[in-house]
Amino acid sequence: LPDGVNISKEARSAISRAASVFVLYATSWKTLNAGDVLSAMEEMEFQRFVAPLKESLEVYRREQKGKKEARKDKDKKADSEEQDKSREEENDDDDERMEEEEQNDEEEVDN
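Start counting the sequence shown at 475; every next residue gets the next number (my numbering).
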């Protein structure tokens with residue numbers, strides 16, 4: 475519904491009851507998918523709702539795909555940062571080892 479639209483309690487209740495009846499009428503399956511709903515709408519001669527429902531479904535799917543890709547990108551970035559940090563720590567460890575070896579070499583030369 476558009477922003478700023480108010481629906482009375484009676485209208486909400488009627489819509490809820492209609493939706494329940496629709497689902498019971500539309501299928502005896504335990505699980506419904508979008509295609510089932512669209513087919514049932516056409517079967518019950520509610521063709522005028524099919525196009526808007528398809529459009530809404532496409533918008534929803536695009537949003538979900540965008541969210542999934544954003545999550546994937548975020549995870550990749552986190553993994554990359556973690557690898558960078560790990561490399562830095564390894565480099566720091568290598569530097570420390572080299573310094574220790576140099577000090578040991580200097581001590582051996584002094585002895």
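Glycine included, every Cβ here is placed at the ideal spot set by N, Cα and C.
>> Less than 8 Å between the beta carbons of residue 506 and residue 495, yes or no?
In response: Counting from one through the sequence shown, the residue named residue 506 turns up at place 32. Counting from one through the sequence shown, the residue named residue 495 turns up at place 21. Contact flag unset, no.
>> For residue 524 and residue 515, which I take to be in contact (beta-carbon distance under 8 Å), what is that distance rounded to the nearest angstrom?
In response: Locating residue 524 in the sequence shown gives position 50, counting from the first residue. Locating residue 515 in the sequence shown gives position 41, counting from the first residue. Residue 524 to residue 515, Cβ: 5 Å. Contact.
> Just the Cα atoms here: how many angstroms apart are residue 476 and residue 546?
Replying inline: Counting from one through the sequence shown, the residue named residue 476 turns up at place 2. Counting from one through the sequence shown, the residue named residue 546 turns up at place 72. Whole-angstrom Cα-Cα distance: 31 Å.
> When you compare only the Cα positions, how much space is there between residue 487 and residue 533?
Replying inline: In the sequence shown, residue 487 corresponds to position 13, counting from 1. In the sequence shown, residue 533 corresponds to position 59, counting from 1. If I take the Cα positions, the gap works out to 27 Å.
>> On a Cα-Cα basis, can you pick out the residue from 539, 541, 513 and 542 that is closest to residue 528?
In response: In the sequence shown, residue 528 corresponds to position 54, counting from 1. The shortest C-alpha separation from residue 528 is found at 513.
> My guess is that residue 587 and residue 508 are in contact by the Cβ rule of under 8 Å, so how many angstroms apart are they, rounded?
Replying inline: The requested residue 587 does not occur in the structure, where the chain is confined to residues 475 to 585.
>> I need the straight-line Cα distance from residue 485 to residue 538, nearest angstrom please.
In response: Stepping through the sequence shown from its first residue, residue 485 is reached at position 11. Stepping through the sequence shown from its first residue, residue 538 is reached at position 64. Rounded to the nearest angstrom, the two C-alpha atoms are 29 Å apart.
> Considering only C-alpha positions, which residue in the set 479, 511 and 480 is nearest to residue 493?
Replying inline: Here residue 493 corresponds to residue number 19 of the sequence shown, with the count starting at 1. Per the Cα distances, 511.
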